[in-house]
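Shown next, in structure tokens, is the structure this report addresses.
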Amino acid sequence: MSTDLDLAVALLRATPTHENRPEAQLRGWASIALAYGDELAAAPDDEDVRIVERDGGVRDGELLLAEYRRATVTLYRDALARMEKLAARRGWPVTSDGLRKAAVAHELAHHRLDVRELNRRLGHTAARLGPFRLRGHVAGADEIVAHRFAHHRSGLGVSPLRLTAALAEGNR
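In our numbering, the protein residues as written are 230 to 401.
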């Protein structure tokens, strides 16, 4: 059984800019992103969001569970139902309430996380000119943070990273 660290490394490796990066580098980035997600989840809630539900999250090859716009999280019932069925087929203890909480938390994490701080922690150098270096963005690291935050905040019995990996397996 894979750990969240293993699943996070796999998510990074599947990102087009990282497929040839060394395993140690990906593991380091994944570990930092997971820790940042833990830290964000431990912070108190300081905002109210409105939650609306509608259909429209299932499109050609895409599953959109939720999105955040202007202090409102839109949950997509059809996508959540599809994810719930996937979990049931795997025998995982995932409830529709837990999925909803995870989807809302995931969107809140994206809204709360400071990308510059995440990039600072990751320490990726995109370019260097003499003593100067340009800090780079690590594509996918923000998703790892948001998945970890959602796991803590939702109470799901299965990691959102595991659910995402299962979803990706089904689309191959």
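All C-beta atoms, glycine included, are put in the ideal place defined by N, C-alpha and C.
With the cut-off set at 8 Å, would you say alanine 332 and leucine 294 are in Cβ contact? Yes.
Which partner residues of phenylalanine 361 appear in the DSSP bridge assignment? Leu358
At least three beta-carbon pairs within less than 8 Å, the region 346–361 to the region 252–261: With the cut-off at 8 Å, the region 346–361 and the region 252–261 touch.
Quick check on the DSSP output: the beta strand (DSSP E) that includes alanine 404 runs from which residue to which? Absent from the model: residue 404. The displayed extent of the chain is 230 to 401, so no value can be given.
Beta-carbon contacts of serine 325 that lie in its chain and below 7 Å, excluding the five residues immediately before and after: If we look at serine 325 and ignore the five residues flanking it on each side, its Cβ neighbours are Leu309 and Glu313.
Ordered list of beta strand (DSSP E) runs contained in the region 236–309, each at least 3 residues: 279–283, 295–298 and 301–305
Residue closest to leucine 342, alpha-carbon to alpha-carbon, out of Thr246, Arg242, Tyr265 and Leu304: Tyr265
Exposed or buried, what is isoleucine 373 when buried is set at 16 or more other beta-carbons lying within 10 Å of its beta-carbon? buried
Return the CA-CA distance between alanine 316 and leucine 358, expressed in angstroms with no decimal places. 49 Å
Distance check for arginine 377 and proline 273, CA to CA, integer angstroms please. 16 Å
Contacts around alanine 375, its chain only, beta-carbon distance under 6 Å, and the 5 residues preceding and following it disregarded: His335, Ala338 and His339
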